[in-house]
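Chemist: Under this note's numbering, read the sequence shown as residues 13 to 312, first letter to last.
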Amino acid sequence: MAERARYVVVRDGVWRQYYWRWGAPSFGLDILEGPDAFSRFVAGRQEEGPGDWMDDVQCEAAAVVDHDARVLLLFTWHLESWDERSVMFEVLARTWPGWRVRWAYDGLEDIVAHVGVQRELVRSELATRGGHVPFDPADVDEPDFTLAVTVAYRDGTQGHLVAGENVADVLGHGPEVVRQLLPGSRARTAPRIPYGGVHIDVPAREVSAWTYGNFLGGAAAGRPPGWDGWRWTCWFDAYNKQQEASGGAILFPAPLRAAGVRAWLEQLDEHHPPGAPGAEQRRELRDVLTQLSTTLHDSP
């Protein structure tokens, strides 16, 4: 099964897009090396026509490298924790100096919108159809497939941890989602920071959400489908806002940034072990990660 990545390069007012069928798993390591190395990497990929796009569930990672504006816009599904993603931005700040680095919270929709292509061109049916099944309780060993849902009622707030791949799995139900939450998913604490969360204030008719991945259906850019008449707030990756809004109905643990650094070093060792052909090209990235590993220490 393909794990597809897209790369868009903007230079001198012209944009070109490239594709690699197997690019998503190594996307993070490829882009962490910096603009020069990444540009050489992208130049060796398959070039696609300006109208040849896939939809938002077929593309697992993508980036816009805008040399004119010095903007790097990116997303990838291949991050297993909030901590990994947080460390990614720390490394990018060092390896892409002088660039504005932004996360594409609406995934491929944000990528195409940056170059003037309509978002709807890449929006899949999966991203817009409503939910229809109850949620299973989350598996505590799968934080990247866990969503936190908090619901404020007049008499108090409930916290739930449910299994899901994307925040759209919750938002797609619309306000009826509160009737789909099962007693078995009730939770007060999360063992790890989950993939995302949704807070629903029933009396105020307000819904808010965050994710360390991306939304399907264009929720970050506008209102998610099915919530007409409700006030919508995108919290982007600010998981702490759900904790605050719920009054502590759900509690998240402290970030494990040192663990995030170790995860990146493990990936580097797996894909480019020291002494292997091509490993020297990753020496600067390894040095940056090693330096971070000496400064970050997670609390027990």
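All C-beta atoms, glycine included, are put in the ideal place defined by N, C-alpha and C.
1. Pick out whichever of Arg28, Glu92 and Ala216 has its Cα sitting closest to the Cα of Arg269.
2. If you compare alpha carbons, which of His172, Asp156 and Ile212 is closest to Arg166?
3. Is DSSP giving Ala221 helix, strand or coil here?
4. Of the choices Leu104, Thr306 and Glu72, whose alpha-carbon is the least far from that of Ala271?
5. Output the boundary residues of the beta strand (DSSP E) element that contains Arg16.
6. Rounded to a whole number of angstroms, what is the C-alpha to C-alpha distance between Leu194 and Glu137?
7. Mind reading off the beta-carbon distance from Leu297 to Val273? Whole number of angstroms is fine, and I expect it under 8 Å.
8. Can you give me the C-alpha to C-alpha distance between Arg114 and Ala49, rounded to a whole angstrom?
9. Confirm, please, whether the CB-CB distance from Ala180 to Gly229 is below 8 Å.
10. How many angstroms separate the CA atom of Pro215 from the CA atom of Val20?
11. Quick one: what's Val316 bridged to in DSSP?
12. To which residues of the same chain is Pro203 closer than 6 Å at the C-beta, ignoring the five residues directly before and after it?
13. Determine the extent of the beta strand (DSSP E) in which Leu228 is found, giving its start and end residues.
14. Got a sec? Which residues, its chain only, sit under 7 Å from Gly25 by beta carbon, not counting five neighbours each side?
Modeler: In short:
1. Glu92
2. Ile212
3. strand
4. Thr306
5. Arg16 to Arg23
6. 26 Å
7. Not quite, the Cβ-Cβ distance comes to about 12 Å (not below 8 Å), so this is no contact.
8. 19 Å
9. yes
10. 44 Å
11. Given that the chain is displayed from residue 13 to residue 312, the structure contains no residue 316 and the question cannot be resolved.
12. Val152
13. Note, Leu228: premise wrong, no beta strand (DSSP E); not H, not E.
14. Asp80
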